[in-house]
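Participant: Below: one structure in structure tokens.
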Amino acid sequence: MTKTLYAEFTVKPGSEARVAEMMRELTEQVRREPGNQLFLPYTRESNPREYFVFEVYRDEAAFQEHITADYGARFNGELADHIEEDGSVLTWLQPVH
1 MTKTLYAEFT
11 VKPGSEARVA
21 EMMRELTEQV
31 RREPGNQLFL
41 PYTRESNPRE
51 YFVFEVYRDE
61 AAFQEHITAD
71 YGARFNGELA
81 DHIEEDGSVL
91 TWLQPVH
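Using the UniProt record's numbering, the first residue of the sequence shown is number 1, and each one after it goes up by one.
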């Protein structure tokens, strides 16, 4: 069964350019993961400091590979300095049948 979620966070004022660059780099890396089916980062139209990232992974094993990747750990480590929250807020989703 696929693992689907969205992650959200709010960028601190002055960190917008750095986080945008970080997100572009992360997106390229995640989309190369064999178990990643979708990775779509967005910002809120009315507030571009608010990020929403929609993610779909093939299964739990693919998600575990994703969260243990070195580049993800580096991203999250640096991101913590640039966002208002303690970390990305994750919302797990399931399909409606």
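Glycine included, every Cβ here is placed at the ideal spot set by N, Cα and C.
Quick caveat: nothing in here was measured; it's all calculated off a predicted structure.
What does the alpha-carbon distance come out to for the pair ALA62 and GLN29?
Facilitator: To locate residue 62, count along the sequence shown from 1; it is residue 62. To locate residue 29, count along the sequence shown from 1; it is residue 29. Taking the straight line joining both Cα atoms gives about 14 Å.
Participant: Grab the span of the beta strand (DSSP E) containing ARG58 for me, first residue to last.
Facilitator: Residue mapping note: residue 58 aligns to position 58 of the sequence shown, counting from 1. ARG58 -> no beta strand (DSSP E), and no H or E assigned at all.
Participant: Between the C-alpha atoms of GLU16 and ARG49, what's the straight-line distance to the nearest angstrom?
Facilitator: Position 16 of the sequence shown holds residue 16. Position 49 of the sequence shown holds residue 49. Their backbone Cα atoms lie some 7 Å apart in a straight line.
Participant: Is THR68 helix, strand or coil by DSSP?
Facilitator: Taking the sequence shown and counting its residues from 1, one reaches residue 68 at position 68. Coil, per DSSP.
Participant: Using the C-alpha atoms, what's the distance from HIS97 back to GLU8?
Facilitator: Position 8 of the sequence shown, counting from 1, holds the residue named residue 8. Position 97 of the sequence shown, counting from 1, holds the residue named residue 97. Using only the alpha carbons, I get a separation of about 25 Å.
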